[in-house]
Amino acid sequence: MHIILTGATGTIGAPVLVHCISSPLVTKLSVLTRRPFPLPPKPSPPLQTLGEHWDPNKVHLITHQDYMSYPEDVLDKLRGAEACIWAQGVGQFAVPKETYIQITHDYPLTAARIFPSLLPPNSQNPFAFIHVSGASASSDPSVRTKSMNLYAKTKSQAEHSLLQLTLPAPNPQLKVINVRPAYVDALSPSPTLTKSFVHKVVAPVLRTVSKDIVTPAGLLAGVLVDFAVGLGEGIKGEGIEDGGVTITNKAIRAWVVKSGNSP
Numbered sequence: 027m028h029i030i031l032t033g034a035t036g037t038i039g040a041p042v043l044v045h046c047i048s049s050p051l052v053t054k055l056s057v058l059t060r061r062p063f064p065l066p067p068k069p070s071p072p073l074q075t076l077g078e079h080w081d082p083n084k085v086h087l088i089t090h091q092d093y094m095s096y097p098e099d100v101l102d103k104l105r106g107a108e109a110c111i112w113a114q115g116v117g118q119f120a121v122p123k124e125t126y127i128q129i130t131h132d133y134p135l136t137a138a139r140i141f142p143s144l145l146p147p148n149s150q151n152p153f154a155f156i157h158v159s160g161a162s163a164s165s166d167p168s169v170r171t172k173s174m175n176l177y178a179k180t181k182s183q184a185e186h187s188l189l190q191l192t193l194p195a196p197n198p199q200l201k202v203i204n205v206r207p208a209y210v211d212a213l214s215p216s217p218t219l220t221k222s223f224v225h226k227v228v229a230p231v232l233r234t235v236s237k238d239i240v241t242p243a244g245l246l247a248g249v250l251v252d253f254a255v256g257l258g259e260g261i262k263g264e265g266i267e268d269g270g271v272t273i274t275n276k277a278i279r280a281w282v283v284k285s286g287n288s289p
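Written as structure tokens, this is what we have:
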């Protein structure tokens with residue numbers, strides 16, 4: 027399967043990149059990025075199992091600056107894609123409010139409107155848009171309209187807007203799955219002082235207190251890839267909301283156990 031990935035150098039996107047390179051179900055990976063970057067090395071112990079099908083030749087880096095538009099030369103490179111893992115994001119305090127809303131809401135919405143046109147002519151399934159949201163998001167209309175929390179409000183609105191594109195359901199051209207991880211426990215500390223402190227000091231406490239509020243980045247990456255290639259089709263159970271299109275942290279962890287990749 028040909029998959030598109032955004033945010034490939036971030037806390038979530040970087041391990042997703044590793045999982046895509048490792049998965050034999052991903053035959054081509056188109057990575058949208060603002061600047062070229064070196065691909066990760068083949069995993070070593072204790073992650074050596076990820077290297078069994080390691081194939082970096084399937085990765086195609088596509089330099090793209092404006093995520094509000096996709097010119098024909100970019101679309102030509104993306105044609106044949108059947109899924110996208112939207113892991114692009116930015117901290118709400120890292121940019122002005124208007125920029126945060128554009129990156130968090132407008133960018134994925136623009137992509138989800140355009141990407142179904144990339145499907146192969148003989149495709150039997152809708153385009154799968156796997157959107158990385160957050161635990162603070164809610165399907166409650168009051169959160170996306172009245173919340174004073176910019177993160178929760180914008181993530182909730184992004185989820186709602188994306189799902190509106192799939193109506194009337196089921197849409198033969200587009201399927202959206204909103205994935206809501208809790209605190210994402212990075213594989214390695216961030217170079218920024220604040221995030222490094224959280225990773226080294228706060229994260230160990232959270233891991234000890236409750237797994238329900240922690241989502242290991244590596245496990246999340248595996249779940250995102252599984253859903254992109256269709257392995258999570260028809261999933262039901264605790265932590266699955268909105269008729270199967272919203273996946274919470276509880277469901278993320280349950281899926282990991284079910285698939286046999288429990289830590």
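Going by the working numbering, the sequence shown opens with residue 27, and the numbers climb by one from there.
Ideal Cβ placement from N, Cα and C applies to all residues, glycine included.
Computed from a prediction, not measured in an experiment: that's the story for all the values here.
Residue i (DSSP reduced to helix, strand or coil)
i: Asp166; result: coil
i: Lys103; result: helix
i: Gly39; result: helix
i: Thr59; result: strand
i: Trp112; result: strand
i: Asp211; result: strand
i: Ala154; result: strand
i: Leu188; result: helix
i: Thr218; result: Its pLDDT being 49, under 50, Thr218 is placed unreliably in this model, and the coordinates cannot settle the point.
i: Val240; result: strand
i: Thr272; result: strand
i: Asn148; result: coil
i: Ile29; result: strand
i: Ile261; result: coil
i: Trp281; result: helix
i: Glu98; result: helix
i: Val255; result: coil
i: Thr180; result: helix
i: Val205; result: strand
i: His90; result: coil
Through-space distance from residue j to residue i, alpha-carbon basis
i: His131; j: Tyr177; result: 11 Å
i: Leu43; j: Thr37; result: 11 Å
i: Ala120; j: Gln128; result: 13 Å
i: Val282; j: Val249; result: 7 Å
i: Val271; j: Val205; result: 8 Å
i: Ala184; j: Met174; result: 16 Å
i: Glu264; j: Arg279; result: 11 Å
i: Ile111; j: Lys172; result: 29 Å
i: Asp268; j: Ile203; result: 10 Å
i: Phe253; j: Ser165; result: 20 Å
i: Asp99; j: Ala40; result: 25 Å
i: Gly244; j: Ala212; result: 8 Å
i: Thr89; j: Gln118; result: 24 Å
i: Ser95; j: Lys201; result: 21 Å
i: Leu144; j: Val255; result: 16 Å
i: Leu135; j: Lys179; result: 15 Å
i: Gly258; j: Ala277; result: 11 Å
i: Met27; j: Asn151; result: 12 Å
i: Lys54; j: Leu191; result: 26 Å
Member of the options whose CA lies at the smallest distance from the CA of residue i
i: Val240; options: Ala113, Thr274 and Ser70; result: Thr274
i: Asn148; options: Glu185, Val169 and Gly106; result: Gly106
i: Phe126; options: Val116, Lys54 and Pro134; result: What sits at residue 126 in the sequence shown is Tyr, not Phe. The option with the nearest alpha carbon to Tyr126 is Val116.
i: Val158; options: Met27, Thr32 and His28; result: Thr32
i: Phe63; options: Cys46, Leu87 and Glu78; result: Leu87
i: Glu108; options: Cys46, Pro142 and Leu51; result: Pro142
i: Ala247; options: Pro196, Pro198, Ser70 and Val210; result: Val210
i: Thr59; options: Pro67, Tyr93 and Ser168; result: Tyr93
i: Pro69; options: Asn83, His45, Arg61 and Gln91; result: His45
Test item: CB-CB of residue i and residue j under 9 Å
i: Ser48; j: Ile30; result: no
i: Phe153; j: Leu188; result: no
i: Val85; j: Leu65; result: yes
i: Pro207; j: Ala161; result: yes
i: Ala113; j: Ala34; result: yes
i: Leu51; j: Val251; result: yes
Closer than 8 Å: residue i CB and nearest the ligand GDP heavy atom
i: Gly106; result: As for the ligand GDP, it is missing from this structure, which has no ligand bound.
Below-9 Å beta-carbon distance, residue i vs any chain C residue
i: Pro50; result: In the structure shown, chain C does not exist; there is a single protein chain.
Every unbroken alpha helix (DSSP H) inside the stretch 114-141 [4 residues or more]
123-127 and 133-140
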